[in-house]
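Numbering (our numbering), first residue to last: -17 to 191.
Ideal placement from N, C-alpha and C gives every residue a C-beta, glycine not left out.
What follows is a short report on a single structure.
As structure tokens, then:
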């Protein structure tokens, strides 16, 4: 498999971590988002949305969108499942994960923040924007998860934790005050202690600067 990834992409982090946890072998091809590599014709032919990650399977099938890839990985490689078997529990995990994947991430994405700057907003205004939505989303996430256990839903790692680890990277990068989110800090620490997740972190990628 070939994973098209960018080191600072938290959506790519989710997929890197899932592949590592499931022991699925893959190669990485770096897509430098800051240089505009995602807009080149050879890449847009793979991913018309011009984002990362993109996963190309061994038979040439192309999968995009990190949450869809996580779902496929759980179906194709059910060991080390990232969703519980109980239907209600699965819905609860998905709901928490989507707070990050759908409520926080899209409006803090590079293409959005660059557009805000292009509309005349200062860097400080853009960073305030990002912190506002992260804080609001984190408050909801923290209220939705289990109050106990090393991970978001107790003792078992789920896709909600993979989403959280990536968003915590961005929270620290952009200076969000994490004091109100002690539970999330604890979960992030526990998840980062897992070697498969540590290997997926931005600083451990081949294109890290």
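Own chain partners of residue i with C-beta closer than 8 angstroms, once the 5 adjacent residues on each side are dropped
i: residue 109; result: 156, 157
i: residue 180; result: 174, 186
i: residue 98; result: 107, 108, 111
i: residue 63; result: 56
Alpha helix (DSSP H) segment containing residue i, residue limits
i: residue 197; result: Here the chain comprises residues numbered -17 to 191, so residue 197 is not present and cannot be evaluated.
i: residue -4; result: -8 to 4
i: residue 98; result: 92 to 100
Spatial distance of residue i from residue j (CA atoms)
i: residue 187; j: residue 7; result: 15 angstroms
i: residue 125; j: residue 83; result: 17 angstroms
i: residue 47; j: residue 119; result: 20 angstroms
i: residue -17; j: residue 9; result: 6 angstroms
i: residue 41; j: residue 114; result: 43 angstroms
i: residue 50; j: residue 85; result: 16 angstroms
i: residue 21; j: residue 36; result: 14 angstroms
Boundaries of the beta strand (DSSP E) in which residue i is found, first to last residue
i: residue 11; result: 9 to 12
i: residue -14; result: -16 to -13
i: residue 46; result: 44 to 46
Own chain, CB closer than 7 angstroms to residue i, minus 5 neighbours either side, in chain order
i: residue 26; result: 32
Other residues of its chain near residue i: CB distance less than 6 angstroms, five sequence neighbours each side excluded
i: residue 79; result: 141, 142, 145
i: residue 1; result: 8
| message | Whether or not the stretch 98 to 114 and the stretch 126 to 133 are in contact is what I'm after, with contact meaning three or more pairs of Cβ atoms, one per stretch, closer than 8 angstroms; do they touch? | response | Not touching, per the Cβ criterion.
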